[in-house]
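Numbering (the working numbering), first residue to last: 25 to 788.
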Ligand code: GLN
Ligand code: ZN
């Protein structure tokens, strides 16, 4: 019997120690040349292939590596470039980076999240009738490199349907398939000429609630591509299943060498797929190990899927693979020495995933005792995880089990709370505030490093942070802001800061995952039941409040955002874990209130991005996500003012859920759309409580004038009325310098004073 093969759809790019980051940054700074950057990139690719090949992977990816982003790579290779950069295609590497990072004259391509991951891609900008020009060296160069290493590799190409659907600028993007397919065909010819025998064509958009006419368009394009080449076309789908309506049937009836299905996210599609493929010769690539999360694979579950496929199709027709590209995982769990050995034993990053694939391939051809031998370590780890006291904290479980509907409700409705809050603290009309963070200056980062490195002791560190907090308070008093913040100097990151103090979280030392370009994040690993052993922010808040008569807002990251930006345990439902986080944060909210905080802000930056990819699953998610926010703040007194903040403005059909958060004050991003966002909720979808639409964009160092801010305030007043209006920037100021932050806030205060005066003049 022939053996199954193993494959990966894509591998991490930044290097085990983020080697790509300094290489890029020093090139951008003009300190090194393009040759050095190319060399680093080449070395990273070679090392990656060697590791995967040594681990026993049969099909290695090529062209998945990127100097910035793979969607940008595709736009670049197809010549689908915006006009505002001039003849950017002729400018080589600098042209490529200009699209990603902008130039003095042209803003960069917009960046947005890659499906439901925390990776960001650059949104290609298309225009009708655009001329395309192929440049295949993104694949052909690395193909030659892999050949020189004696390794065969399969090019990874983002397919035309997904490329077009992920772009902007065309009203009916799929109408452009006719123009794009010939360029893709030429690409296939060049890949074949460069020695490829198969091509992986990624079409993640195929599974996302596609209409029949869109499926027709895809089928037409695919058939044309398949007819024009001898290469084996391998269609890769991931993150959701194709088992929606007739999609699976339609797609599997197309001529293809192999189809890849994500069986971690969508195991239900295996059985129908096997039925459909039984009498065809298409291979099936089984995405059985998780490319999106860090837990050791349940080998018994995976082998069940493999066995089913093998008995329907035969081993020689199956490929064993991760569910999606491994781009979203860190490199190697075995390197982590800081994570308790118990927890580390439950983890699988990229290196461990590769090993799992070869174990599963061997097991596919084995039975009985040999299987037991192969699976023993994973079984032991999973059993230990299941039985651990960390994953089963009875007190946490009991507390969540005892919740009733009343635990999600504040005592009284907003109007009564508003009265009570006004009686407790008198705020002027158009109250002013900021979103939380003040500039994270070099000395603050240096102090954090020194604490970690042991050069600074905890006492000295605390005193230093207190001095930064005092500075932020005195600046805000001078500016005349009404509700102050402590400035978040002590926080490295809005999720990590809380994760580090909550039970149930672990932190890796090397667990970097690319976010975009040279930016990487190290997501916390949420492995157990969550609780809060001790107050997390109360000391800093108390210090800040002791320095001023004005109210200082308590500042917390919300449960959904903490959940969303972590690797979350997969042995319990996300909803249950989020409820545990909400209860832990509720303890903090109540401690802040007891300490005297009048206003407490709970940030939910990631509420919208948690939306499931499939339309049909969204309602349920938003319901429990909003419930978790409500649970976090429900027990506070009427006269405690709850704020929340969201870093975006396109709420679309989510507005009713935002209303249901029932925060007393909601601050959102609004300046970039010129307050247009406020039109998105006219009539009954208006936010009924107080609202602070951001009056300037904090993402750029540009200082907006008082006139400009005043105009935005006028627009906001016209839309929501001034009784409920707050004045604040779009987001926190941590990425800004002090000079520009203060200058912008001065103008914000000046604009506010003018609007207030305007009103007193009116009412006289
Ligand atoms: N309170 C946080 C800050 O000001 C909020 C950041 C965010 O929403 N991303 O930095
Ligand atoms: Zn924000």
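For every residue, glycine included, the Cβ atom is placed at its ideal position computed from N, Cα and C.
Which listed residue (the options) has its alpha carbon closest to that of residue i
i           : options            : result
residue 74  : 171, 94, 100       : 171
residue 153 : 204, 513, 448, 526 : 204
residue 164 : 467, 176, 253      : 176
residue 634 : 622, 647, 363      : 647
residue 306 : 281, 749, 53       : 281
residue 329 : 320, 318, 308, 319 : 308
residue 57  : 366, 167, 117, 239 : 117
residue 125 : 236, 724, 573      : 724
residue 508 : 431, 667, 558, 331 : 667
residue 22  : 31, 636, 622, 554  : There is no way to answer for residue 22, as the model of the chain reaches only from 25 to 788.
residue 640 : 79, 598, 265, 398  : 265
residue 43  : 404, 764, 162, 91  : 91
residue 772 : 456, 702, 715, 492 : 456
residue 737 : 766, 727, 776, 714 : 776
residue 782 : 735, 613, 583      : 735
CB contact flag (residue i, residue j, <9 Å)
i           : j           : result
residue 96  : residue 48  : no
residue 377 : residue 315 : yes
residue 114 : residue 122 : no
residue 454 : residue 178 : no
residue 345 : residue 312 : yes
residue 39  : residue 71  : yes
residue 757 : residue 722 : yes
residue 343 : residue 769 : no
residue 617 : residue 661 : yes
residue 511 : residue 426 : no
residue 551 : residue 530 : yes
residue 386 : residue 321 : no
residue 36  : residue 374 : yes
residue 319 : residue 574 : no
residue 355 : residue 536 : yes
residue 664 : residue 623 : yes
residue 258 : residue 288 : no
residue 252 : residue 278 : no
residue 504 : residue 604 : no
Buried/exposed call for residue i, threshold 16 Cβ in 10 Å
i           : result
residue 632 : buried
residue 752 : buried
residue 577 : buried
residue 295 : exposed
residue 151 : exposed
residue 174 : exposed
residue 361 : exposed
residue 271 : buried
residue 548 : buried
residue 428 : exposed
residue 191 : buried
residue 718 : buried
residue 392 : exposed
Chain-order list of residues whose beta-carbon lies under 7 Å from that of residue i (same chain, five-residue window excluded)
i           : result
residue 34  : 85, 88, 180, 349, 350, 351
residue 144 : 135, 136, 137, 138, 539, 540
residue 581 : 518, 519, 522, 627
residue 570 : none
residue 474 : 480
residue 317 : 591, 594
Other residues of its chain near residue i: CB distance less than 6 Å, five sequence neighbours each side excluded
i           : result
residue 804 : No information on residue 804 is available, as it lies outside the stretch 25 to 788 that the chain covers here.
residue 708 : At residue 708 the pLDDT is 41, less than 50, meaning the model places this residue with poor confidence; the figure from the coordinates comes in the next sentence. None.
residue 682 : 675
residue 367 : 530, 551
residue 442 : none
residue 500 : 508
residue 93  : 145, 146
residue 141 : 352
residue 245 : 184, 201, 205
Own chain residues within Cβ distance below 8 Å of residue i, not counting five before or after
i           : result
residue 194 : 150, 151, 152, 188, 200
residue 398 : 323, 383, 386, 387, 390
residue 706 : At residue 706, the pLDDT of 45 sits below 50, so the modelled position is not reliable; the number obtained from the coordinates is stated separately. Answer for residue 706: no residue qualifies.
residue 107 : 151
Contact with chain C by residue i, beta-carbon distance below 9 Å
i           : result
residue 591 : No chain C appears in the structure shown, which is made up of a single protein chain.
Practice item. Kindly provide the ranges of any alpha helix (DSSP H) runs that are 4 or more residues long and lie completely inside the segment 607-677, ordered along the chain. Key: Here the runs fully enclosed are 642-657.
Practice item. Run through the segment 292-372 for me and flag every whole alpha helix (DSSP H) of 4 or more residues, listed as ranges in chain order. Key: DSSP assignment within the segment 292-372 yields the following whole alpha helix (DSSP H) runs of 4 residues or more, N-terminal first: 294-301, 323-337, 365-368.
Check your understanding: Hey, which unbroken runs of the alpha helix (DSSP H) at 4 residues or more fall wholly within the segment 399-461?
Key -> Whole alpha helix (DSSP H) segments, 4+ residues: 418-425, 438-448.
Review point. Which parts of the segment 163-228 are runs of the beta strand (DSSP E), unbroken and 3 residues or longer, counting only runs that do not cross its ends?
Key: As far as the segment 163-228 is concerned, its whole beta strand (DSSP E) runs of at least 3 residues are 177-182, 222-226.
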